[in-house]
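Worksheet: the structure to be examined is printed underneath.
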Amino acid sequence: MAHATVIQSLLLATCLLVLACSLSGCSLAVMAGKMFMGDPKIPSQFRQRTGVDLKKVEKTVLLVCTTPAFVKAENSALDRDIIEGVYRHFRRQDIPCVNPNEVDSWLGRVGGIWDDPSEIAQQFTTDYIIHFDIDTVAYREANSPNFYRGSAHGNVRVYEVRGEKSDRKAYLVFQHEFQSIYPHHYPVAADNMTERTFAEQYNKRVAEELARLFYDAPAAEEVY
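Residue 5 is where the sequence shown starts when you use the working numbering, and the numbers rise one by one after that.
Encoded structure:
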C-alpha cells in the first residue's frame, strides 16, 4: 500500500511538471521544480576547488584582513567591517570560527604586523586561516565626485594548518582574485546619503561577497 502511494506521488509530480511546461514554459516549470526539489544551490568557490564543505566538516576557521596604509588612511574601519561581516555570515551558516576579538588582541600585541601565516597558526587552534588581502577600495564614481560607486580589488588566500603546537605550519590550499563593483548599472547620487553611510553599506556588501566564496547558497540569493 505504501509502495503504491509513493508511485502515485511520483506520477502526480511528473504530471504537474509536464503541465507547468505546457502552460507557460520555463517559469512555472522552475516553480514546480522548486516545490518538489527545493531551490538549487550554487557550490562555493572553495568547495569546488578544494572539495571541502565548511558547513559539513568539523573544521574551525580564522579570519584576518590586511589593507595598504593608503586604504587605512581613507577608511580605518574597513578591515574590521570585513572581518565582522564575514564572521556574522559564517555564524549564520554554522561554520566554526575563531572569535575576531581574540585575533585583534594578538595583532595588537605584535603591532598588527605578521609576515608568515604560520605565525598565526602557532598562536591559535584553527584548521584554516582565511586571509583577505584588500589592495584597493573606493566609494566615489571615477571622475564624478557627486556620485557613489563602490569598487574593491584584492586576493583571498586560505591556508590549511598542519602539525602540532609549535610545529604547526600553514600551507596555501586556495587562492582567489577578488573584484567587486556596486552598483553595477547606475551610481548613487551623493545628495541621497553621506559618504560614510554609503561606505558602511558597501563594506557590508563586500563582506557578504567574500563570505559566499566559502558556502553553498541558493541561486535565488545570488548577490548582484
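For every residue, glycine included, the Cβ atom is placed at its ideal position computed from N, Cα and C.
Just so it is clear, the structure is predicted and the values come from calculations on it, not from any experiment.
Neighbourhood of F151 by C-beta, 8 angstroms cutoff - its chain only, sequence neighbours within 5 removed: R144, E145, P191, V192, A193, A194
Option nearest E88 by Cα separation, candidates V165, L214, F74, W118: L214
Nonlocal neighbours in the same chain, by C-beta distance under 6 angstroms from Q127, ignoring five residues either side: W110
Of the listed residues Y175, E123, G154, Y163, nearest to Y186 (C-alpha basis): G154
The ligand FAD heavy atom lying under 7 angstroms from the CB of R144: Among the components of this structure there are no ligands whatsoever, and the ligand FAD is therefore not found.
Bridge-paired residues (DSSP) for K45: P222
Through-space distance from D137 to R161, alpha-carbon basis: 8 angstroms
Cβ neighbour criterion (16 or more within 10 Å) applied to R95: exposed
Distance CB(T54)-CB(V177) smaller than 8 angstroms: yes
CA nearest to the CA of E181, picked from M197, S80, H135: H135
CA-to-CA distance, N196 to V61, given in whole angstroms: 44 angstroms
Own chain residues within Cβ distance below 6 angstroms of P44, not counting five before or after: A223
Three-state class that DSSP yields for N103 in the structure shown: coil
Beta-carbon proximity check, A219 vs I99, cutoff 8 angstroms: It is Tyr, not Ala, that sits at residue 219 in the sequence shown. Cβ distance < 8 angstroms, so Y219 and I99 count as in contact.
Minimum C-alpha distance to E168 - residue among Q179, D119, T129, L217: T129
Whole-angstrom distance between D171 and V210, CA atom to CA atom: 34 angstroms
Distance, W118 Cα to R112 Cα: A small fix is needed here, since residue 112 is Gly in this sequence, not Arg. Going from the Cα of G112 to the Cα of W118 covers about 11 angstroms.
Residues that DSSP places opposite F151 in a beta bridge: A193
C-alpha gap between E164 and D131, whole angstroms: 6 angstroms
Beta-ladder partner(s) of L67, from DSSP: I134
Min CB distance R153 to chain C below 8 angstroms: In the displayed structure, chain C is absent; only one protein chain is listed.
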